[in-house]
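Notes to accompany the following structure.
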Amino acid sequence: MPETKEIIAALLQQHTPISFVAGGPSMNPTIRDGESVFIKPLSAGVLPHGSVILYRIYGRIKVHRCTFNNKRTNRVFTVGDAAVAGGGWIPAADILGVVESVQRDGRIRRLDTRRARWAGLLRFYARPLRQMAVAVYRAFQ
Numbered sequence: 001m002p003e004t005k006e007i008i009a010a011l012l013q014q015h016t017p018i019s020f021v022a023g024g025p026s027m028n029p030t031i032r033d034g035e036s037v038f039i040k041p042l043s044a045g046v047l048p049h050g051s052v053i054l055y056r057i058y059g060r061i062k063v064h065r066c067t068f069n070n071k072r073t074n075r076v077f078t079v080g081d082a083a084v085a086g087g088g089w090i091p092a093a094d095i096l097g098v099v100e101s102v103q104r105d106g107r108i109r110r111l112d113t114r115r116a117r118w119a120g121l122l123r124f125y126a127r128p129l130r131q132m133a134v135a136v137y138r139a140f141q
């Protein structure tokens with residue numbers, strides 16, 4: 001019997017939108033642990049800057065934000081919204097889909113709009129300030 005990740009990948013490759021319950025804190029506050037995410041297939045390789053993507057890595061699937069797209073090497077840089085450091089480059093071919101929305105408190109919150117993408121990118125670019133705030137907080141503990 002195929003694993004869930006294989007079924008998800010197959011459905012998206014057939015251009016079928018999917019949804020599932022996300023687990024883990026890496027995308028807080030954009031996607032919280034236990035919220036339903038709605039994924040649409042990547043359309044004709046178009047990936048707007050700041051999109052939240054579903055991708056394969058080391059035999060698993062993850063949802064993170066795409067912050068850089070290097071078209072020369074055909075790789076993208078992904079990072080969780082909750083991260084104050086880190087992230088990593090993945091081959092663009094490993095992207096399975098784009099997160100369209102998340103269901104929170106019974107309401108649908110779109111993540112594929114320009115405003116949502118820029119808000120996420122702002123959070124990413126503010127990481128140095130967040131790192132400094134964490135360091136100051138720890139110094140006074």
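According to the working numbering, the sequence shown is numbered sequentially starting from 1. Ideal placement from N, C-alpha and C gives every residue a C-beta, glycine not left out. None of the values given here were measured: they were computed from a predicted structure.
So residue i and residue j are in contact, right, with Cβ under 8 Å, and what is the actual spacing, rounded?
i	j	result
residue 79	residue 95	So it is not a contact: roughly 14 Å between Cβ atoms.
residue 27	residue 82	6 Å
residue 111	residue 16	Between residue 16 and residue 111 the Cβ distance is about 19 Å, and since that is not below 8 Å, they are no contact.
residue 46	residue 120	Not really, about 18 Å apart at Cβ, beyond 8 Å.
Counting along the chain, where does the alpha helix (DSSP H) carrying residue i start and finish?
i	result
residue 137	127-139
residue 5	4-13
Among the options, which has the Cα closest to the Cα of residue i?
i	options	result
residue 113	34, 141, 3, 48	48
residue 108	37, 33, 26	37
residue 39	132, 4, 98, 103	98
residue 14	20, 129, 6	6
residue 88	72, 24, 120, 55	55
Report the three-state DSSP secondary structure of residue i (helix, strand or coil).
i	result
residue 75	strand
Who pairs with residue i in a beta bridge, going by DSSP?
i	result
residue 25	For residue 25, which the question treats as bridged, DSSP gives no partner whatsoever.
residue 88	78
In terms of residues, what are the limits of the beta strand (DSSP E) holding residue i?
i	result
residue 49	Residue 49 -> no beta strand (DSSP E), and no H or E assigned at all.
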